[in-house]
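Start counting the sequence shown at 2; every next residue gets the next number (the working numbering). Ideal Cβ positions, reconstructed from N, Cα and C, are used throughout, including at glycine.
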Amino acid sequence: MSVIDILTRVDSICKKYEKYDIDKQKDLNVNGDDAFARLYAAVEADIATALQKAEVASNEKNRASVVAINAEIRRTKARLLEEVPKLQRLAIKKVKGLSTEDFAARNDLVLALPERIQAIPDGTPAAPKKTGGWAASASRTEIKFDSDGRFDNEYFQQTEESSQFRQEYEMRKMKQDQGLDMIAEGLDTLKNMAHDMNEELDRQVPLMDEIDTKVDKAASDLKNTNVRLKDTVNQLRSSRNFCIDIILLCIILGIAAYLYNVLKK
2 MSVIDILTRV
12 DSICKKYEKY
22 DIDKQKDLNV
32 NGDDAFARLY
42 AAVEADIATA
52 LQKAEVASNE
62 KNRASVVAIN
72 AEIRRTKARL
82 LEEVPKLQRL
92 AIKKVKGLST
102 EDFAARNDLV
112 LALPERIQAI
122 PDGTPAAPKK
132 TGGWAASASR
142 TEIKFDSDGR
152 FDNEYFQQTE
162 ESSQFRQEYE
172 MRKMKQDQGL
182 DMIAEGLDTL
192 KNMAHDMNEE
202 LDRQVPLMDE
212 IDTKVDKAAS
222 DLKNTNVRLK
232 DTVNQLRSSR
242 NFCIDIILLC
252 IILGIAAYLY
262 NVLKK
């Protein structure tokens, strides 16, 4: 695991659990509704973090890690420079309970921020200060080159570390391209599937409407059939009871006639 991976993971863990930082929460509560104080504190924390990363990069021996750390520092510097206009707008807003001296000092703090941000080492050579006149373009004889003025192909030969870094960069770029191609293919497949599903749903809607109509008609027919069946069953029960009554009456008459004949003898 490289240093840049460790730093990235540490930053993500710190941001995840910063809500449990009691001191930071106290500072936020003290600031209250002061948006300038909150944003300026966040910028100060980012500047301190960038300085720590710059110190790590200065002590790092692996050139690939140094390049990655410096790239992250440059991104942080660009983001911080974008926050400066917001701080300038917030600095002129009056805050309840803020003294006049503190209010006046805010503008000075904001004006000093760009220089502080640009002063963070990020691996790029510092721009020379313009002094004006022809003296600025004069040649400096005290500057010496290790190559003794010789800049041929041998001087620009790649070292083993730079070759490894370039190979690693190309491999990661190739893997990213392959991953993006796979994602693009998957999205195209999902798009085609969604289109097919939409067409199928459009075809199924009339069928579903027809099925609903037939179900309603079948339910109505079933209800009418149940009513007719109930009437039929009631009629059958009444006719069956009449037949049973006649049969019982015949049996009783037969028994009575039998008893009469027996008693008469």
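Excluding five sequence neighbours on each side, which residues of the same chain lie with their C-beta closer than 8 Å to the C-beta of residue i?
{"i": "V44", "result": "L81, E84, L88 and L114"}
{"i": "L181", "result": "none"}
Please classify residue i: is it buried, with 16 or more other beta-carbons within 10 angstroms of its beta-carbon, or exposed?
{"i": "R107", "result": "buried"}
{"i": "I118", "result": "buried"}
{"i": "A257", "result": "exposed"}
{"i": "Y259", "result": "exposed"}
{"i": "Y41", "result": "buried"}
{"i": "K176", "result": "exposed"}
{"i": "F243", "result": "exposed"}
{"i": "V234", "result": "exposed"}
{"i": "V67", "result": "buried"}
{"i": "A38", "result": "buried"}
Between which two residues does the alpha helix (DSSP H) holding residue i run?
{"i": "P122", "result": "Counting along the chain, P122 falls outside any alpha helix (DSSP H), and DSSP gives it neither H nor E."}
{"i": "D47", "result": "A36 to N60"}
With H, G and I counted as helix, E and B as strand and the rest as coil, what does DSSP make of residue i?
{"i": "V96", "result": "coil"}
{"i": "T160", "result": "coil"}
{"i": "N108", "result": "helix"}
{"i": "T132", "result": "Model confidence at T132 stands at a pLDDT of 47, short of 50, so the residue's coordinates are unreliable and nothing is read from them."}
{"i": "L254", "result": "helix"}
{"i": "N225", "result": "helix"}
Check: Hey, is the region 62-73 in contact with the region 163-177, meaning 3+ C-beta pairs nearer than 8 Å?
Finding: yes
Item checked: Contact the region 71-81 vs the region 47-54: 3+ CB pairs below 8 Å -> yes
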